[in-house]
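Residues in the sequence shown are numbered consecutively from 17, following the numbering used here.
Just so it is clear, CB atoms sit at the ideal spot from N, CA and C, and this is done for glycine as well.
Report on the following structure.
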Amino acid sequence: MSSQKNNGALKWTILIIALTQMPTLALSPATEQIRSFFNRELAEVQTAMSMTNFVSVAVSVIIALLVNRAVITKKLSVVLGQIFLGLSSIIALLFHSRFWSVYVLSLTIGMATGCFVTSTFGLLFDNFDSDERQRLAGYQTSFINLGGIMMSLIGGLLASFFWYGGYLIFFVDLIVAALCIFSIPSYKTPKPLKNGAPASATRARINPRVYYYTVCIFFFMMLYSACGMNISTHIKNGFANYSSVAGLCNAVQMAGGAFAGIFFGKISARLKDMILFLACLLLFAGYTLLSFFQSSLAPILISVFLAGTSLSLFMPRVTFCVSTYSDPTNSALTTLFISSIAPSMGGFFSPIIITNLTEALSSGSTVFRYRFLALAALALGIAVALATLSRRRTEKA
17 MSSQKNNGAL
27 KWTILIIALT
37 QMPTLALSPA
47 TEQIRSFFNR
57 ELAEVQTAMS
67 MTNFVSVAVS
77 VIIALLVNRA
87 VITKKLSVVL
97 GQIFLGLSSI
107 IALLFHSRFW
117 SVYVLSLTIG
127 MATGCFVTST
137 FGLLFDNFDS
147 DERQRLAGYQ
157 TSFINLGGIM
167 MSLIGGLLAS
177 FFWYGGYLIF
187 FVDLIVAALC
197 IFSIPSYKTP
207 KPLKNGAPAS
217 ATRARINPRV
227 YYYTVCIFFF
237 MMLYSACGMN
247 ISTHIKNGFA
257 NYSSVAGLCN
267 AVQMAGGAFA
277 GIFFGKISAR
287 LKDMILFLAC
297 LLLFAGYTLL
307 SFFQSSLAPI
317 LISVFLAGTS
327 LSLFMPRVTF
337 CVSTYSDPTN
347 SALTTLFISS
357 IAPSMGGFFS
367 PIIITNLTEA
377 LSSGSTVFRY
387 RFLALAALAL
397 GIAVALATLS
407 RRRTEKA
């Protein structure tokens, strides 16, 4: 009974942490505000903000190595991550008059997500069986999106008053850190077993399919991240209070993800990996529709809702598949690939590749950018579908 209660507390803690897992959504509505306040180019602002992703990867690699070698526990890394996220709000409040503060804040938030995101997924992998993992992965994604909704709305509202308003939301993470101290079990990564006894031999080898899913989520997140990064610029001429509207768009995008997450379990069980193709089709549809509207609120909200549903079909499926190829001796590394390196680097390279490439092809046109993204999403979906069908034929042979 005590074990069941502890597992129940852990489930809710994982879901509460998920509410804080996409902090950049509280900040993206302010992209145009930051550009105007500091008089910088859009690509420069986007790159400064996306530094979070680069730092997150570097920190998550260090954390994964320390966890995997039983130097620290996953509990400690989660608590530290929440504390770092809370500290970013204090930094924003004290140092916001210089452009370098955007880099410092990105560094702090990157350290935070690098500490807690990977380890939170590791807790999911280590403490629940296959059926529970699939259900909880769907719920976790819904909570990630629910947190994104709240951050987008509040961040967009606060950004309309001052550009650093979204960062102030992260005060709440200091409370979440306290919750984690009491509800997350403290254990170190077990050493691999050999003939029933602990051994210092090599840990379980990582299945090649983990690398396949890592590549998939990298390209998907590079395309998906561009939605929130460009929405405020896309609609700035259509709405007077575009920061608040951009926040609303991000919230509706997350609402789409929360909605899709409710049905993920059943859809995933039926479609298997073809759900990834469906996710890419939804992203294609959302971006295509969005490219035709810059000042009509209803179709814009429908567009971002469709784009949002794609994340809650793609991400939890990839997470679940990787979990089936992991065990406690290598879960720190597999979660590192799928929850940190791939999505973070996808987000980091999104403005570097997508924004600069589309600017070179059609300067200043977010319409062209979203159409380019739509075609890229369709191409990714086709590639994933072909790979899935090929693997099915190989398995049947």
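A residue is called buried when at least 16 other Cβ atoms come within 10 angstroms of its Cβ; THR136 meets this threshold and is buried.
Nearest Cα to VAL133 within the set VAL118, GLN156, GLN150, VAL120: GLN156. Only buried fits PHE280, as 16 or more other CB atoms lie within 10 angstroms of its CB. In the structure shown, the three-state DSSP call for GLU375 is helix. Proximity to ILE278 across ASN223, SER326, ASP142 peaks at SER326, based on C-alpha coordinates.
Leaving aside the five residues that flank PRO367 on each side, the residues in its chain whose CB is nearer than 7 Å to its CB run, in chain order, ALA59, GLN62, THR63, SER66, MET245.
In this structure, SER307 lies away from PHE141, with their beta-carbon atoms at least 7 Å apart.
Between the C-alpha atoms of LYS252 and TYR258 there is a straight-line separation of about 5 Å. In terms of Cβ geometry, GLY163 and THR351 do not form a close pair [threshold 7 Å]. Sorting ILE247, LEU317, LEU322, GLY171 by C-alpha distance to the C-alpha of ARG385 places ILE247 at the top.
Ranked by Cα distance from THR124, the first of GLY397, LEU103, ASP147, PHE144 is LEU103. Short of 7 Å from the beta carbon of ILE107, and not among the five residues preceding or following it, lie these beta carbons of its own chain, in chain order: VAL120, LEU121, THR124.
Out of GLY380, SER158, PRO332, LEU394, the CA that lies nearest to the CA of ALA267 is found in SER158. Taking a contact as a CB-CB distance under 8 Å, the pair LYS27 and ILE200 does not count as one, their CB atoms being some 11 Å apart. A residue is called buried once 16 or more other Cβ atoms fall within 10 Å of its Cβ, and LEU264 is buried on that count.
ALA256 carries a coil assignment under DSSP once its states are collapsed to helix, strand and coil. Counting the other CB atoms within 10 Å of its CB gives SER360 a total of 16 or more, which places it among the buried residues. Counting along the chain, the unbroken alpha helix (DSSP H) around SER360 starts and ends at 358-365. Under the three-state reduction of DSSP, ALA86 is assigned to coil, being neither helix nor strand. Contact between ASP189 and LEU96 is absent: CB atoms are separated by about 11 Å, not below the 8 Å threshold.
Under the three-state reduction of DSSP output, LEU26 falls in the helix class. Between GLY130 and SER76 the beta-carbon gap is near 4 Å, inside 8 Å, which marks them as a contact. Shown here for LEU377: not one same chain residue has a beta carbon closer than 6 Å to its own, the five before and five after excluded. If you draw a straight line from the Cα of ALA262 to the Cα of GLY272, it is about 15 Å long. Of the residues assessed, TRP179 falls on the buried side of the cut-off, its CB having 16 or more other CB atoms within 10 angstroms. The C-alpha of PHE309 is placed about 36 Å away from the C-alpha of PHE187. With contacts defined as CB atoms closer than 7 Å, SER260 and GLY172 qualify as a contacting pair.
Counting along the chain, the unbroken alpha helix (DSSP H) around HIS250 starts and ends at 224-251.
Of the candidates PHE275, LEU329, SER284, LEU287, LEU329 places its Cα closest to the Cα of LEU299. Within the same chain, ILE185 come within 6 Å of ILE170 by CB-CB distance, once the 5 residues on both sides are set aside. The C-beta distance from ILE357 to THR335 rounds to 14 Å, too long to fall under 8 Å, and the pair is not in contact. Bounds of the alpha helix (DSSP H) holding LYS412 are 382-412. Distance between ARG387 and LEU305, taken at the CA atoms: about 9 Å. When secondary structure is reduced to three states using DSSP, GLN49 falls in the helix class.
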